[in-house]
Structures are given as C-alpha cells and as structure tokens.
Amino acid sequence: MATHLLFECATGLAIFTSEFAEEIGKSVKSVQDSVDDVAKFGKMVKLVSFVPFTDAAHALEVANDVSEGVVHEFLHGLLELNLAKKAGVVLGVEERGLASSIKATLGIECDASDRTLEVLRGIRLHQEKLLAGLEQGDTKRSQLGLGHAYSRAKVKFNVNRSDNMIIQAIALLDQLDKDVNTFAMRVREWYGWHFPELVRIVPDNYQYAKVCRLLGDKAQLDEDILEPLAELLDDNETLARNILDASRASMGTDISEVDHLNIKNFATRVIHLYDYRKSLQAYLSDKMGVVAPNLAALIGDTVGARLISHAGSLTNLSKYPASTVQILGAEKALFRALKTKGNTPKYGLIYHSTFIGRAGAKNKGRISRFLANKCSIASRIDCFTDAPTTKFGQVLRDQVEERLSFYENGSNPTKNAEAMARALKMVKDEAAENGEAADEGAPAAAAAKMDLDEPAPAEAKKEKKKKRKSEAAMDEDESPKKSKKAKKTEDVRLSLPPISPFAPRSRMLTCRIRHALQGEELSKEEKKKLKEAKKAAKEAKKAGKA
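For the sequence shown, the UniProt record's numbering gives the first residue as 1, with consecutive numbering after it.
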C-alpha cells in the first residue's frame with residue numbers, strides 16, 4: 001500500500017499521506033466502502049502539500065505532460081521538496097507511464113494498483129473539502145476550462161495537411177461504390193419486368209437510370225422521344241432508334257402508373273448518387289493535391305488515398321519502410337503465409353496501380369517492390385516539405401515508367417541522382433516563375449542521400465582526392481620519426497605472407513600474429529610464431545603449385 005499519494009487536479013498538484021488501517025488496505029472492496037464516507041475517509045488521508053497552478057496555460061502544460069508520462073518541472077520540484085529526502089516512501093500515482101518516469105527521474109518507488117486508484121478516486125470525490133483554500137465551484141470551473149483547452153489541443157489540426165479529410169472521403173467513396181452498384185441493379189430488376197430488352201441495349205448503369213426515368217410507360221412512346229433519348233445516350237441516334245423499336249415489340253408486362261412513379265423516383269435517387277460520387281471524387285483529388293501531391297502524381301488519387309487511410313495518416317505512411325508499403329492492405333495473406341510457411345504476398349493496395357497491371361507476370365513482384373520504394377519517397381517528401389509541389393511525383397512516375405520499359409526491352413533507366421537533380425531544377429524554375437524562393441531543405445537532402453551506390457560526379461571525385469592528399473601531407477608532417485625497431489616491425493607487418501586457403505594451421509598462426517602486430521614491438525614468442533607461420537605458408541604454396 002502507498003504511503004503517499006500524488007493527486008493531479010485542474011486547480012493544482014497535491015500530495016497526501018495515506019494512513020489506511022492494514023485490514024482495510026488489503027482489499028479493494030474495503031477501500032471502496034471507506035471512501036464513500038467523507039468523515040471516515042478524511043481521517044485516513046491527510047494533506048501534506050498543495051501547490052496551485054499559476055494560470056490556465058500552466059495547468060494545460062502540466063496536464064499534457066502528465067498524460068504523456070513526462071515529469072514536468074513543476075511536478076519535479078514538488079516531489080523533490082516533499083519526498084526526495086524521506087526513506088521508505090511509496091508514492092501512489094494514477095498514470096502508470098508517469099509512475100515509471102518518476103521512478104527513473106527521482107528514484108521514488110511508485111504504486112499504481114487498484115487500491116491506490118480507489119483512494120485517489122475518493123480524494124477526487126471530496127477534493128473541495130480536503131484541499132485548503134478552495135471555495136465551492138472553483139473545481140468545476142477549473143475542470144471545465146482545462147477540459148476545453150485540453151480537448152481543443154487534441155483535435156486541433158492543420159487545414160493544409162488535413163489527411164483526416166482524405167481518410168473520410170475515401171471511406172465514403174468506397175461505400176458509395178457499393179451502394180450505387182446495389183441500387184442500379186435494383187432499378188434494372190424493377191424496370192426489367194416492364195421493359196426487359198432495355199438491359200441489353202443500355203449496359204451502363206448511369207445511362208440506364210436516366211433512360212428509365214425518361215421513358216416511363218413503353219406503350220406511350222412515339223417518334224418525339226428520339227431526340228431527348230439520343231441526348232441521354234451521347235447523341236447516339238442509332239441506339240435511340242433501337243430502344244424505340246424494342247419497346248414496340250417488347251414482351252414485358254404492363255404495370256400501373258403508381259409503379260411507374262416509384263420506379264422513376266428511385267431512378268432519380270440513383271442518378272443523384274452517381275452525381276454526388278463524381279463531386280466527391282473531384283473533392284478527393286483536390287485534397288490529395290494539397291496534402292500529398294507527389295504521391296497522387298505517382299500512383300493516382302484513389303490508390304494514394306487508400307494508402308494514407310490504411311496507414312492512419314500521412315505521417316504514419318511516411319514512417320513506413322518500402323517493404324511495409326509494398327504489402328500494405330495484404331496483412332491477412334501475409335500472416336496466413338507466415339503461419340503456413342508459404343509464399344508471402346508480393347503486393348497489397350498498390351496492386352490497383354496501373355503499373356502492376358501493365359507489367360508482365362514474372363515482373364509484377366519486381367515492379368511492385370520498385371513502386372513501393374518510390375511511394376515511400378513521395379510520402380516523405382509530401383509530409384516534410386513546406387511548399388507542396390508535384391514535380392518530384394512526376395519525376396518518380398517517369399522513373400517507374402522507365403523501369404517498366406527496362407524490364408520489357410532492356411533500355412537503361414535514369415539514375416536516382418540525375419532524376420532528383422532534374423526534379424530540384426524543376427522546383428527552382430517553378431519557384432522562380434512564381435517569384436518565390438524554393439524550399440530545398442528536405443528534398444535536397446533526399447536527393448543527396450537517395451542512392452548511396454551511385455558513383456559521385458567527376459568534380460566531387462577531384463575534391464576528395466585533393467582532400468586526401470592534404471590530409472596525408474599533414475599526417476607526414478605531424479608524425480614523429482620512427483625508431484629502428486618500429487621500422488623493422490612495420491617491415492615485418494608489410495612482408496607478412498597472405499593467408500593460404502590450403503593451410504588452416506598457418507592461417508590461425510598468421511591471424512594471431514597479425515593481432516599481436518597491433519603493438520610496436522614483437523616478443524621472442526611472437527617472432528618464433530612468425531617464423532613458423534612463414535614456413536607453413538611456403539610449404540602450402542609449394543603444395544598448391546604441385
């Protein structure tokens with residue numbers, strides 16, 4: 001059981017001593033019973049120290065640190081002043097993360113058990129009576145203000161980086177696709193009883209709903225319907241004529257005017273859903289252009305939005321390695337493969353990209369790996385650059401196109417360093433046109449570190465050589481003259497024969513001597529071993545030649 005209790009409230013921080021009887025403190029139920037009675041509970045906890053917050057901003061700052069498990073300076077000072085010098089102190093804390101931080105920072109033992117939480121609940125219940133200097137209503141007002149400020153800080157987001165809007169839009173778009181398809185099939189089935197031949201003549205669901213609303217009763221159709229019907233069918237007069245001819249020879253049943261009215265209303269709803277879906281798609285494209293323009297330019301608005309939605313945010317997606325981005329969305333298949341020790345999936349959500357569809361069967365895995373790499377780069381550029389631009393996404397898309405052609409006909413793709421340099425030049429040109437200074441921070445660093453295996457330019461090589469020569473000259477000037485023994489040791493080290501693959505014993509001896517040669521002088525034993533190693537190496541060399 002805790003000897004002291006830390007109580008955080010909206011008005012300040014307090015430390016209490018706990019004086020629960022041993023038989024009461026043994027069970028949670030007994031603690032709960034004693035908490036309800038304020039007269040009994042007031043004798044079991046006593047206030048040691050209470051320090052109020054200076055203002056609302058100070059209260060919010062401390063509350064944020066407490067929720068994140070960080071020991072604030074204000075809390076650190078309070079604990080150090082009251083508990084640091086006492087022995088046998090066990091501090092009851094509500095937050096487990098904060099308890100571990102206090103123990104690591106101040107070395108005070110902490111307890112966050114259920115009994116401690118019940119005692120703290122009692123203090124919170126009777127805090128106005130237990131805390132000194134508080135008037136009635138102070139606690140509620142402080143809690144209300146702190147609650148609003150804390151919640152506002154949690155839900156606050158940058159309008160220009162509203163990836164949450166993308167997550168909601170793509171979820172609604174997927175749901176609309178299912179609903180529109182279901183409703184369109186219902187219109188076809190419903191109107192098909194009256195005019196079954198129309199299903200084959202007009203295969204498109206959107207056009208079918210429009211035609212269904214226009215036609216109504218097939219028995220009342222005449223030549224006047226041809227012109228408006230052709231407008232609905234993209235000025236296809238032949239198709240309009242076929243519909244009119246089919247209506248005159250249709251084998252469908254007759255339906256009442258009320259049935260026609262209901263079918264017409266439902267078809268109108270389906271048309272409105274189609275129109276709303278188009279506007280939602282345009283909204284998603286605009287949002288992707290603001291939040292993740294490079295990812296959208298590389299892989300498309302819909303697939304990019306699905307990647308962000310599955311990751312939870314653009315920041316989370318940018319933290320994923322390319323291998324995770326590659327199989328994002330195929331977690332079930334991955335875990336099933338790991339469980340059954342089968343083949344792991346090659347792609348997840350990025351399968352819906354046009355690049356993988358265009359690749360050959362044997363190259364799908366390779367292009368998905370390459371595409372995931374570029375998606376990871378694009379998401380990081382989008383997340384950490386200040387000025388949104390599509391130039392990097394366009395260059396990365398060109399790289400994927402070149403890699404596709406490389407797999408098909410073997411044409412050499414552009415190197416990463418060259419591609420990123422071209423993208424940076426495009427960004428600079430765009431900024432110059434707009435009269436702004438291009439922000440080269442993160443993109444420049446990404447371009448510089450994009451491919452470590454690529455050879456450096458000729459100028460960089462020359463500079464490196466000059467630097468090496470100057471360093472070598474400085475080392476020669478600074479190094480003291482070597483003694484004869486040291487020179488001899490160095491000569492021996494340089495003349496050491498290479499390790500023979502045919503003589504494992506000589507290899508072991510040579511390795512040992514090489515380790516011994518790290519010093520400046522050789523002992524007698526080491527010299528003897530060196531001679532034996534040389535002899536063994538010579539014999540092995542002769543045996544190899546023979």
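Ideal Cβ placement from N, Cα and C applies to all residues, glycine included. Keep in mind it's a predicted model, so treat the numbers as computed, not measured.
Asked: Element boundaries [beta strand (DSSP E), containing residue 42]; Found: From DSSP, residue 42 is part of no beta strand (DSSP E) but of the alpha helix (DSSP H) over 38-44.
Asked: DSSP three-state assignment for residue 327, whether helix, strand or coil; Found: coil
Asked: At least 3 beta-carbon pairs within less than 8 angstroms: the stretch 102-110 vs the stretch 45-59; Found: no
Asked: Test: residue 334 CB closer than 8 angstroms to a CB of chain D; Found: The structure shown contains no chain D; it is built from a single protein chain.
Asked: Environment of residue 471 [buried if 16+ CB atoms lie within 10 Å]; Found: At residue 471 the pLDDT is 49, less than 50, meaning the model places this residue with poor confidence; the figure from the coordinates comes in the next sentence. Classification of residue 471: exposed, given that the 10 Å Cβ count is below 16.
Asked: Uninterrupted beta strand (DSSP E) stretches inside the stretch 100-170 (no shorter than 3 residues); Found: 109-111
Asked: Residue 347 burial status per 10 Å Cβ neighbour count (16 or more: buried); Found: buried
Asked: Exposure of residue 228, with buried meaning 16 or more beta-carbon neighbours within 10 Å; Found: exposed
Asked: Distance CB(residue 50)-CB(residue 120) smaller than 8 angstroms; Found: no
Asked: Where residue 293 falls: helix, strand or coil (DSSP); Found: helix
Asked: Sufficient close CB pairs (3 or more, under 8 angstroms) joining the stretch 194-211 to the stretch 253-271; Found: yes
Asked: DSSP three-state assignment for residue 4, whether helix, strand or coil; Found: strand
Asked: The stretch 378-388 / the stretch 313-331 touching (three or more Cβ pairs under 8 angstroms); Found: yes
Asked: C-beta atoms of residue 163 and residue 314 nearer than 8 angstroms; Found: yes
Asked: Buried/exposed call for residue 202, threshold 16 Cβ in 10 Å; Found: buried
Asked: Simplified DSSP assignment, three categories, for residue 10; Found: coil
Asked: Exposed unless 16 or more other CB atoms sit within 10 angstroms - verdict on residue 233; Found: buried
Asked: CA-to-CA distance, residue 178 to residue 261, given in whole angstroms; Found: 25 angstroms
Asked: Separation of residue 176 from residue 235, as counted between CA atoms; Found: 28 angstroms
Asked: Any alpha helix (DSSP H) of 4 or more consecutive residues that is wholly inside the UniProt domain "Nop" (291-409); Found: 293-299, 301-311, 314-319, 322-326, 331-340, 354-358, 364-384, 391-409
Asked: Own chain residues within Cβ distance below 6 angstroms of residue 450, not counting five before or after; Found: Annotation note: pLDDT 42 at residue 450 (below 50); position unreliable, no value reported.
Asked: Reduced DSSP secondary structure (H/G/I, E/B, other) of residue 89; Found: coil
Asked: Residue 341 versus residue 334: straight-line alpha-carbon distance, rounded; Found: 10 angstroms
Asked: Contacting residues, own chain, Cβ-Cβ under 8 angstroms from residue 395 (five flanking each side not counted); Found: 419, 420, 422, 423, 426
Asked: Environment of residue 182 [buried if 16+ CB atoms lie within 10 Å]; Found: exposed
Asked: Close Cβ partners of residue 413 (< 7 angstroms) along its chain, the five nearest in sequence each way excluded; Found: 399, 402, 403, 406
Asked: Three-state class that DSSP yields for residue 31 in the structure shown; Found: helix
Asked: Residue 239 and residue 225 closer than 8 angstroms at C-beta; Found: no
Asked: Collapsed DSSP secondary structure at residue 247 in the structure displayed; Found: helix
Asked: Helix, strand or coil at residue 491 according to DSSP, with G and I counted as helix; Found: In this prediction, residue 491 scores a pLDDT of 44, lower than 50, which makes its location untrustworthy; the coordinate-derived value is nonetheless stated afterwards. Residue 491: helix per DSSP, three-state reduction.
Asked: Rounded separation between residue 280 and residue 180 - CA only; Found: 13 angstroms
Asked: Cα-Cα separation between residue 34 and residue 302, rounded to whole angstroms; Found: 59 angstroms
Asked: Bridge partners - residue 52, DSSP secondary structure assignment; Found: 12
Asked: Length of the line joining the Cα atoms of residue 9 and residue 307; Found: 41 angstroms
Asked: Helix, strand or coil at residue 47 according to DSSP, with G and I counted as helix; Found: strand
Asked: CA-to-CA distance, residue 36 to residue 115, given in whole angstroms; Found: 14 angstroms
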